[in-house]
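K.L.:
Note that the sequence shown ends on residue 674 in the UniProt record's numbering; no numbers are left out.
C-beta: ideal position from N, C-alpha, C; glycine also.
Please read all numbers here as calculations on a predicted model, not as lab measurements.
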Amino acid sequence: MKKLLILSVLLLSVFVFSDVFVENGKVIFTFEWEGAKVVYLAGTFNNWNPTALPMKEVEPGLWRAELELEPGTYQYKYVIDGTTWKEDPNAPGYVDDGFGGYNGIFTLVEKDGELFIVGPQKKEESKKYEPNPDREDTIFVEDGIVVLRYYNPEAEFVTIAGNFNNWNAEEIEMYPLEDGWWEGVLELGPGVYEYKFVVNGEEWVTDPNAFAFVDDGFGGKNGVFEVYEENGELKVKSPIEETVQEETSEEAPEVAHQETAEAGPEEVEKSELKEGLSVEDSFVVFVVRKPEASEAYVAGSFNNWSTTANPMEREGNLWVARIKLNPGTYQYKYVFTIAGNQVWQEDPNAPSYVPDGFGGKNGAFMLSEEDGKLVIKPLEQKSESETPFFGKYFIDLTYKYATDTFLKSLESSHELTLGVKTDFLKATLNFKPEGSFLDSANIKVEKDGFEVFGHYKVASLVEGKPYEEWFAETGFGLGISFLSYKFTADVAFDTNAEKERFLIGVSGENFGTYFGSNYLLGIEKIDLAGFLSFDLLGAKTTVWTGLIFAKPVLYFVNLEVDSDNFDVNYLYYEKTSSEDKGFLKASIDLFNLELYGDYNFNNKTYTVSAGYVFDDTYVLGLAYRYGDYDNFENDPDKITVFGELRNEFASAKLGVTYDAYKNIYLDFQGEVNF
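#1: With distances taken from CA atoms, which of Lys432, Leu418 and Pro433 is nearest Lys426?
#2: Beta-carbon separation of Ile172 and Ala212 under 7 Å?
#3: On the DSSP bridge assignment, give the partners of Leu367 in chain order.
#4: According to DSSP, is Val542 helix, strand or coil?
#5: Taking all protein chains shown into account, do 16 or more other C-beta atoms lie within 10 angstroms of the C-beta of Asp137, making it buried, or fewer, making it exposed?
#6: How many Å lie between Ala309 and Ser301 at the Cα?
#7: Determine the closest residue to Ser352 out of Thr337, Ile338, Pro552 and Lys377, with distance taken between C-alpha atoms.
#8: Shortest alpha-carbon distance to Asn47 belongs to which of Val39, Tyr629, Tyr76 and Pro60?
#9: Check this for me: beta carbons of Val335 and Thr307, under 7 Å apart or not?
#10: According to the neighbour-count rule (16 or more other Cβ atoms, all chains shown, within 10 Å of its Cβ), is Ser412 buried or exposed?
#11: Ordered along the chain, which non-local residues of its own chain (more than five positions away) have a Cβ less than 6 Å from that of Thr657?
#12: Candidates Met312, Ser282 and Gly363: which alpha carbon is nearest Leu325's?
#13: Could you tell me which residues DSSP pairs with Glu451 in its beta bridges?
#14: Using a Cβ distance threshold of 8 Å, determine whether the region 61-75 contacts the region 20-33, with at least three qualifying pairs required.
#15: Note the first and the last residue of the continuous beta strand (DSSP E) segment covering Arg501.
#16: Whole angstroms are fine: how far does the CA of Trp470 sit from the CA of Lys525?
#17: In angstroms, rounded to a whole number, what distance separates the CA positions of Pro71 and Val198?
#18: Taking DSSP as the reference, what is the three-state secondary structure of Leu53?
#19: Please report how far the alpha carbon of Val79 lies from the alpha carbon of Asn673, in whole angstroms.
#20: With distances taken from CA atoms, which of Gly582, Leu536, Pro552 and Lys540 is nearest Asn558?
#21: Run the CB neighbour count on Lys128, radius 10 Å, all protein chains shown included, and call it buried at 16 or more, exposed below.
#22: What are the boundary residues of the beta strand (DSSP E) that includes Gly276?
#23: Starting from the C-beta of Tyr599, find all residues in its chain whose C-beta is less than 7 Å away, skip the five residues before and the five after it, and write them out in chain order.
#24: Run through DSSP, which three-state label would Asp96 get?
#25: Give every residue of the same chain whose Cβ lies closer than 7 Å to the Cβ of Glu156, excluding the five residues on either side of it in the sequence, and list them in chain order.
#26: With burial defined as no fewer than 16 other Cβ atoms inside 10 Å of the residue's Cβ, what is the status of Gly372: buried or exposed?
#27: In angstroms with no decimal places, state the Cα-to-Cα distance between His414 and Glu370.
#28: In angstroms with no decimal places, state the Cα-to-Cα distance between Glu560 and Tyr570.
#29: How many angstroms separate the CA atom of Gln669 from the CA atom of Phe591?
#30: Taking three-plus beta-carbon pairs below 8 Å as touching, is the region 35-45 in contact with the region 538-551?
#31: Give the C-beta separation of Trp182 and Asn152 to the nearest angstrom, bearing in mind that I take them to be a contact with Cβ-Cβ under 8 Å.
#32: Determine whether the beta carbon atoms of Pro388 and Val420 lie at a separation below 7 Å.
#33: Buried or exposed, going by whether 16 or more other CB atoms sit within 10 Å of the CB of Val20?
#34: Could you say which of Asn430, Lys447 and Val445 lies nearest to Asp439 if we only look at CA atoms?
#35: Would Val543 pass as a contact of Leu528 if the rule is Cβ separation under 7 Å?
#36: Kindly indicate which residue of Val287, Pro190, Phe515 and Ala586 has the alpha-carbon position closest to the one of Glu230.
Encoded structure:
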């Protein structure tokens with residue numbers, strides 16, 4: 001029996017430039033997006049749930065997720081902050097998402113116990129069909145059903161997989177006939193379809209009696225046929241017959257001219273239709289080519305995106321709609337019925353485009369009146385990719401209710417991130433102002449795996465970590481790293497330049513080790529620090545540790561567990577021979593409920609919080625803080641009611657706190673991405 005064709009060329013089909021790859025038996029997804037609060041991975045592997053699989057930000061703007069998947073074909077997209085869907089710009093392949101955009105797609109196959117990723121044909125590539133002159137007539141229509149027959153007397157069972165069922169190798173079974181023949185039936189509408197037979201669940205076979213063949217993207221061929229309607233009946237044929245006829249008509253211009261001359265005015269008018277938008281007798285004319293569709297509609301801002309309000313009429317291979325519109329700005333898409341399924345598609349000839357919020361784009365235009373006539377103009381705007389600048393601003397304010405001034409400002413902090421990303425380099429500057437002075441800052445410049453960074457009063461190695469205070473917030477510092485393994489060298493000084501500090505180390509994606517002096521806690525002793533990341537029961541687990549070789553030895557250990565639906569963070573440390581401290585933090589996402597809790601083992605204080613998420617945008621919650629009874633004046637019991645608004649570009653959180661002394665506080669946190 002022949003080997004599976006897809007596996008015979010497997011090593012040639014691995015997409016080394018894709019952001020999706022296999023590592024240690026897991027499928028790794030990586031995605032670059034600056035300014036996101038969180039990025040989720042959604043696809044056919046999780047029923048397109050937009051918030052079930054949060055990705056890990058392994059570097060600023062670089063997001064990563066790991067999945068254990070069985071061999072098969074998968075589609076996916078990324079969801080920015082749970083609201084904005086984005087296609088992977090470096091996917092192994094693409095497929096129409098039904099909304100005018102594309103899903104990433106890849107096939108995971110196994111050979112010799114190892115998994116490999118292969119991808120289908122890239123989007124925008126033209127299909128080149130190869131005729132099959134030696135075929136037998138084994139494909140036909142019976143009672144409106146497409147019937148396919150295949151001869152293989154040695155097969156135990158056979159299925160059909162194709163673009164009509166997302167290449168599912170188990171869904172459509174063929175039935176055995178006599179003398180080694182198998183028969184399968186498909187309920188299809190007009191359209192062009194690619195397919196293969198799957199023998200015994202493992203061998204993918206090209207139909208030797210297909211009407212025509214097309215490259216399958218893996219070094220082999222798919223069978224292909226076209227279903228069309230004639231006199232109210234479905235029929236099947238080769239998808240290249242129409243092309244041959246068109247070429248023949250071009251070779252006989254006199255016949256074509258004669259047919260045009262004898263045609264009536266209606267036929268002549270149809271032949272002059274041009275794809276795209278135009279104005280005709282105060283109507284906007286929408287024209288699009290989609291011969292495989294059985295129905296077509298125009299949906300847009302002018303009809304509240306109704307999928308039935310503005311039907312289109314078929315004129316040859318074109319669909320046409322004439323809609324009366326007033327001057328203004330409009331967005332639109334086409335909605336086709338293909339093989340019984342509703343498919344949304346952007347207009348390939350639209351005057352201009354705007355993002356549709358689902359990773360695709362809407363056609364867009366401005367209708368204006370000039371000299372008494374309607375004129376269609378494109379919208380003047382730049383796409384996201386044309387803007388190399390990005391940034392983020394964060395603010396945190398705390399007020400106390402007072403009878404004399406109503407609200408008294410207690411604390412405030414600001415943080416600003418500015419960046420630029422071009423084909424040449426990427427630079428990021430982050431700083432925190434304090435009044436008219438600079439509280440802290442760091443800067444990083446990256447190019448082709450080479451990185452230079454500097455910092456002022458920032459523990460840059462572990463910024464934002466719960467053990468950040470262990471690392472000295474140096475006055476000035478400069479470091480360098482390069483290649484896929486980061487070789488870090490950081491030399492730093494206090495602001496008074498009295499104490500020198502240094503740190504050298506190497507790190508990869510799942511490990512790091514660092515050696516220094518006077519870097520941990522500012523103690524002038526030899527330091528060691530490092531981390532190790534691994535998978536534990538499907539959760540990303542990271543252990544950080546730091547040692548100071550003083551007498552006695554001082555150390556900290558931090559455990560982070562990051563799963564799709566929960567996070568756990570445990571810190572234990574010993575700063576002196578008699579003082580042990582640590583805390584435990586945990587959060588869990590359960591359906592639309594976000595739960596959080598923390599506990600301090602030293603003073604036995606804790607916080608619990610619960611928030612309910614509405615439409616992935618609004619959060620309403622309640623939190624309780626159990627205070628420190630040895631320092632109750634500064635840390636009393638508190639209860640907080642909070643609300644939060646989230647979207648792709650900004651978030652705002654407002655909380656009202658009531659403490660045991662009957663004080664009322666107002667807390668506001670806001671973040672804007674640009």
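P.N.:
This is what the structure holds:
#1: As a first step, residue 426 must be located in the sequence shown, where it is residue number 426. Just measuring C-alpha positions, the residue of Lys432, Leu418 and Pro433 sitting nearest Lys426 is Leu418.
#2: Position 172 of the sequence shown holds residue 172. Position 212 of the sequence shown holds residue 212. Going by C-beta atoms, Ile172 is not nearer than 7 Å to Ala212.
#3: If you number the sequence shown from 1, residue 367 lands on position 367. DSSP lists Gly328 and Ile376 as partners of Leu367.
#4: Reading the sequence shown from its first residue, position 542 is the one you call residue 542. Per the sequence shown, the amino acid found at residue 542 is Thr instead of Val. In the structure shown, Thr542 sits in a strand (DSSP, three-state: E or B).
#5: Translated into positions along the sequence shown, residue 137 becomes position 137. Exposed: under 16 other Cβ atoms inside 10 Å.
#6: The residue given as residue 309 occupies position 309 in the sequence shown. The residue given as residue 301 occupies position 301 in the sequence shown. Distance between the alpha carbons of Ala309 and Ser301: 12 Å.
#7: If you number the sequence shown from 1, residue 352 lands on position 352. The shortest C-alpha separation from Ser352 is found at Lys377.
#8: One-based indexing of the sequence shown puts residue 47 at position 47. The candidate whose alpha carbon is nearest that of Asn47 is Tyr76.
#9: Taking the first residue of the sequence shown as position 1, residue 335 is located at position 335. Taking the first residue of the sequence shown as position 1, residue 307 is located at position 307. Yes, Cβ-Cβ distance for Val335 and Thr307 is below 7 Å.
#10: Sequence index remark: in the sequence shown, residue 412 carries index 412 (1-based). When all chains shown are included, Ser412 counts as exposed.
#11: For the purposes of this step, residue 657 is taken as residue 657 along the sequence shown, with counting starting at 1. Correct list, in chain order: Lys638, Thr640 and Tyr665.
#12: Translated into the one-based positions of the sequence shown, residue 325 becomes position 325. Cα-wise, what sits closest to Leu325 is Ser282.
#13: Indexing the sequence shown from 1 puts residue 451 at position 451. Note: Glu451 sits in a beta bridge opposite Glu446 and Ser481.
#14: yes
#15: Position 501 of the sequence shown, counted from the first residue, corresponds to residue 501. Run containing Arg501: Glu500 to Ser507, per the beta strand (DSSP E) assignment.
#16: The residue you call residue 525 lines up with position 525 of the sequence shown. The residue you call residue 470 lines up with position 470 of the sequence shown. For Lys525 and Trp470, the distance between alpha carbons rounds to 13 Å.
#17: Stepping through the sequence shown from its first residue, residue 71 is reached at position 71. Stepping through the sequence shown from its first residue, residue 198 is reached at position 198. One C-alpha to the other measures close to 14 Å.
#18: Locating residue 53 in the sequence shown gives position 53, where the first residue counts as 1. DSSP places Leu53 in coil when its eight states are reduced to three.
#19: Indexing the sequence shown from 1 puts residue 79 at position 79. Indexing the sequence shown from 1 puts residue 673 at position 673. Between Val79 and Asn673, the C-alpha separation is close to 16 Å.
#20: Within the sequence shown, numbered from 1, the residue matching residue 558 stands at position 558. Per the Cα distances, Gly582.
#21: To locate residue 128, count along the sequence shown from 1; it is residue 128. The residue in question, Lys128, is exposed, as its Cβ has fewer than 16 Cβ neighbours within 10 Å.
#22: Numbered from its first residue, the sequence shown carries residue 276 at position 276. It spans Gly276 to Glu280 - the beta strand (DSSP E) in which Gly276 sits, taken as one unbroken run.
#23: Taking the sequence shown and counting its residues from 1, one reaches residue 599 at position 599. Same-chain partners within the cutoff: Phe583, Leu584 and Tyr606.
#24: Your numbering for residue 96 matches position 96 in the sequence shown. The three-state secondary structure of Asp96, taken from DSSP, is strand.
#25: Translated into positions along the sequence shown, residue 156 becomes position 156. Cβ neighbours of Glu156 beyond the five flanking positions: Asn200.
#26: The residue you call residue 372 lines up with position 372 of the sequence shown. Exposed, because fewer than 16 other Cβ atoms sit within 10 Å of the Cβ of Gly372.
#27: Locating residue 414 in the sequence shown gives position 414, where the first residue counts as 1. Locating residue 370 in the sequence shown gives position 370, where the first residue counts as 1. Spanning the two alpha carbons is a distance of roughly 49 Å.
#28: As a first step, residue 560 is located in the sequence shown; it is residue number 560 there, counting from the start. As a first step, residue 570 is located in the sequence shown; it is residue number 570 there, counting from the start. Glu560 and Tyr570: Cα-Cα distance of roughly 7 Å.
#29: Stepping through the sequence shown from its first residue, residue 669 is reached at position 669. Stepping through the sequence shown from its first residue, residue 591 is reached at position 591. Straight-line Cα distance between these residues: approximately 25 Å.
#30: no
#31: Reading the sequence shown from its first residue, position 182 is the one you call residue 182. Reading the sequence shown from its first residue, position 152 is the one you call residue 152. With 8 Å as the limit, Trp182 and Asn152 qualify as a contact, their Cβ atoms being about 7 Å apart.
#32: One-based indexing of the sequence shown puts residue 388 at position 388. One-based indexing of the sequence shown puts residue 420 at position 420. Closer than 7 Å, so yes.
#33: Start at 1 with the first residue of the sequence shown, and residue 20 comes out as number 20. Buried.
#34: Position 439 of the sequence shown, counted from the first residue, corresponds to residue 439. Measuring from the Cα of Asp439, the nearest candidate turns out to be Asn430.
#35: Translated into the one-based positions of the sequence shown, residue 543 becomes position 543. Translated into the one-based positions of the sequence shown, residue 528 becomes position 528. Contact flag unset, no.
#36: Along the sequence shown, one-based indexing puts residue 230 at 230. Residue Pro190 is the option with its Cα nearest to Glu230.
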